[in-house]
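Here is the structure we will look at, set down as C-alpha cells.
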Amino acid sequence: MLAAAMLVVVAVPVTGWADHDNREATPNMIPRGHSPQTGNFFDPRGTVTVNSDLGFWGDTAINGNYNGFRLIDISNPDNPDLITYYNKCNGDQGDILIWENLVIRSWNSPVSTPVPPQVDQFCGEEEGEPRPVPLGFEGLHIFDISDTENIQLVGEVEITDATAEANKVPGTFNPAPPSPVPTVARRTGCGSHTASLVPDVANGRLLVYNSGSNANCPGIDIVEIPLDNPGNSEWLRREQSGRSCHDTGVFLGDVMRAVCAGGDGLTVWRMNQKPKDEHEVNLVNPHTEYTIPLKDVTVGHSASFTWDGKRIVYGHEPGGGGRAECQESSLDRNKKLFMFNTKTGKQIGTWFLPRPQSEVENCTQHNYNFVPTTDGKDILVAGNYQAGTWAVNWSNPAKPKVVGFSDPPPLDETQFTLGGAWSSYWYNGFIYESEITKGLNVFELDDPVVDSAVDLPFLNPQTQMERIPQQLSAASKVSLKHTNKPHRFKGEVSSARNGCKADRLVRIKKVRPGKSARTVATTTTGNKGGFSVKHTKGGRGLYFAQAGKKVFAKDIHTITCTKAKSGNVRAKK
C-alpha cells in the first residue's frame with residue numbers, strides 16, 4: 007500500500023473556473039476548465055441527467071448522459087465550450103462511442119410502463135416530437151452528428167436475452183413497427199451497459215463489442231454497423247465468456263486482444279488467426295485465450311492495456327459503485343486494481359487507493375486509461391467516484407507510485423450521496439474527468455513522467471487502436487578482471503535486456519593521472535555479454551573497461567543501451 011504522506015497535498019485556491027479547483031490535491035494536478043451539467047441519480051426515471059462516460063474526436067469531447075449526450079469543444083482547455091446538448095434519448099447509462107460523424111449510445115435497461123413521477127422513455131424525434139421507445143427495448147442507438155444543430159437518430163439494435171435465443175433479431179432501423187421479440191421475453195434482457203468500438207474500416211463497417219453486465223447474458227454481443235448505411239445495423243452473435251461482462255477493453259493493431267471484466271474475474275480473447283487454431287478466428291469470432299477467477303471479487307469493472315499491449319489492468323466495483331468502499335476500515339481488495347501479464351494471465355501487481363474516504367462518499371476504482379507515452383513509462387489515470395482523479399506510475403508492476411491526485415470533498419457532509427468521477431482519462435496533454443453530478447472537468451498534470459506523451463487523433467478509451475513505438479533506455483554494467491598467466495583482460499557486460507549484452511564494443515583503458523585515459527585494446531562481446539582480450543601493451547598500472555552505447559530495434563521499439571564503466575583493476579606487468 008502506498009504512503010500518501012510522501013506526497014505534498016494542498017487545498018488548491020479558488021481561481022474562478024469551477025469547484026474542481028477547490029479540492030485537496032497534489033500541486034502537480036492543476037485544475038483548468040469546466041463545462042457544467044448538473045444531475046442527480048435520485049430524480050425520477052426518464053428525467054435523470056447525470057454524466058457518464060467520455061469519448062474524443064479531434065478537439066471534440068463527447069460526454070455521455072442519462073438523458074442523451076453533450077458535444078464539447080475542448081480546443082481551449084481553460085474554457086471547454088458546449089457545442090450542443092442532445093437531450094432526446096432518456097435511457098441510462100448513456101455510455102457513448104464516437105467514430106467520425108457517428109455516435110453509438112448504450113441503453114441499459116428494458117423500457118417499462120412509467121409509474122409517476124416517472125416519464126415516458128424516448129429516443130430521437132418523429133415529426134418534431136419525441137420518438138417513443140418500444141416497451142422492453144434495450145440495446146444501442148446510433149446517431150449522425152454531422153449537423154450538430156440537427157442530430158439524427160439513424161439506427162438502433164435491440165440486444166436482449168431473447169436476441170440470443172432467437173439466434174438473430176434483425177436490427178434494421180425502422181421506427182414504426184414494434185420489435186418482433188415479445189415484451190415478456192425482453193424483460194429478462196441484457197441491454198447495453200457499456201460498449202467498446204472495434205472499427206473494421208477495411209470491410210466498411212464498425213463492430214461493437216457490447217457488454218450487458220447481466221448474468222442472463224454471459225459474454226459480449228457483437229454488433230455490426232455498416233458505415234454506408236447505419237440503419238442496417240444488426241446483432242451478429244454472442245461470444246460466451248463464462249461470466250457477465252461489465253466492460254470490455256480492446257487492443258487492435260498487432261496486439262489483437264480483448265478482455266472482459268465482470269463478475270468474479272476476467273476473460274481474455276484473441277482476434278487474430280494462428281496456425282494452431284482449429285476454427286476461424288477474427289474480429290467476429292474471437293478465440294478464448296484464458297479466463298481467471300479472482301477471490302473475493304464480485305463485480306469486475308473496467309479493463310485497460312498498457313500501450314505496448316503487454317499488461318492488463320483490471321478493476322473491481324464492489325456494491326456496483328453505490329457504497330462507501332474506500333473508508334479506512336474498508337477491505338483493501340475493495341480499493342484495488344490488479345495488473346496481469348497479457349500473454350500468460352499471471353497476476354504481476356496490485357495498487358490500492360491509499361487515501362481514505364468518508365462514510366458518506368461512494369467510492370471504488372471505476373474508469374481509467376494509460377497515458378500514451380513513448381519512453382516506456384506506464385502512467386495510469388483513473389476516475390474513482392468521490393475519491394476523484396488519480397495518476398499512478400505503474401511502470402514497475404510490483405511498485406506502483408502515486409504521481410498526483412485531486413480528491414473532492416464529500417458532496418454532502420451529513421448524508422450519503424452518489425456522485426464523483428465516473429471516468430477520468432488522459433487525452434492529448436490533459437486529463438478529462440466526467441463528474442457525475444457537475445459536468446466535465448479538465449486538469450493538467452504538470453509532471454515529467456508525462457513529458458513523452460503523444461497526441462492521438464481520437465480516443466474511445468476502451469479501445470486502443472495500435473501500439474505506440476517506444477524509445478527505451480536500458481541500463482548496462484560492465485565488469486573487468488586481469489589475469490597474469492596468460493596476460494588477459496576478461497569481463498562481462500550485463501543488462502536486464504538481453505539485446506544489450508551481445509555485440510557491445512568494449513574499450514580497455516589505462517588510467518593516466520592528470521591525463522585522459524588511454525585506450526590500449528578494443529573488443530566485442532559475445533552472445534552472452536562476455537569478452538576477453540590479450541594484454542599486449544600498456545604495462546603495469548590501473549585499467550578499466552568502458553562499454554559503448556548501443557542502439558537496436560526490437561519489434562517496433564528503439565532501445566538504447568547506456569554506456570557503462572567498470573571499476574579499476576591493477577595489472578602488475
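Position 5, counted from 1, in the sequence shown is what this note's numbering calls 11; the numbers after and before it change by one each time, with no gaps.
Backbone N, C-alpha and C fix where the C-beta goes; we use that ideal spot for every residue, glycine too.
Here histidine 40 is buried, its C-beta having at least 16 other C-beta atoms within 10 Å.
Leaving aside the five residues that flank valine 139 on each side, the residues in its chain whose CB is nearer than 8 Å to its CB run, in chain order, Gly97, Trp113, Val117, Gln127, Phe128, Cys129.
For cysteine 567, the closest alpha carbon among the candidates Ala480, Ile442, Lys534, Glu498 is that of Ala480.
In the structure shown, the three-state DSSP call for lysine 316 is coil.
For tryptophan 275, the uninterrupted beta strand (DSSP E) segment begins and ends at 271-276. Taking 3 residues as the shortest admissible run, the segment 24-80 contains the following complete beta strand (DSSP E) segments, listed from N- to C-terminal end: 35-42, 57-63, 66-71, 74-79.
Here DSSP, grouped into helix, strand and coil, assigns proline 403 to coil. Straight through space, the alpha carbons of serine 152 and glutamine 124 are spaced by roughly 32 Å. Shown here, cysteine 251 sits in coil according to DSSP, grouped into three states, outside any helix or strand.
Residues Asp253, Ala267, Gly321, Asn373 of the same chain have their beta carbon placed closer than 6 Å to that of serine 308, with the five preceding and five following residues left out of the count.
The Cβ-Cβ distance between serine 522 and lysine 496 does not fall below 7 Å. Counting other Cβ atoms within 10 Å of its Cβ, histidine 293 reaches 16 or more and is therefore classed as buried. Secondary structure at valine 204: strand, using DSSP grouped into helix, strand and coil. Under the 8 Å Cβ criterion, the segment 467-477 does not count as touching the segment 70-88, having fewer than three qualifying pairs. For threonine 564, the enclosing beta strand (DSSP E) stretches over residues 563-567. A residue is called buried once 16 or more other Cβ atoms fall within 10 Å of its Cβ, and serine 335, having fewer, is exposed.
Counting C-beta pairs closer than 8 Å gives fewer than three between the segment 457-464 and the segment 405-416, which falls short of the contact rule.
Rounded to whole angstroms, the separation of the alpha carbons of aspartate 84 and glutamate 106 is 25 Å. Rounded to whole angstroms, the gap between the alpha carbons of cysteine 251 and aspartate 384 is 25 Å. A check of alpha carbon separations from aspartate 302 across Asp206, Lys316, Gly271 identifies Gly271 as the nearest. Here phenylalanine 62 has Tyr433, Phe464, Leu465 as same chain residues with Cβ atoms under 7 Å from its own Cβ, once five neighbours each way along the sequence are excluded. Where cysteine 95 is concerned, there is no enclosing beta strand (DSSP E), because DSSP gives it neither an H nor an E.
For histidine 293, the enclosing beta strand (DSSP E) begins and ends at 293-299. By a beta-carbon distance limit of 8 Å, glutamate 439 contacts threonine 395. Their separation comes to about 5 Å. In the same chain as glutamine 246, and ignoring 5 residues on each side of it, the C-beta atoms closer than 7 Å to its own belong to Pro224, Gly225, in chain order.
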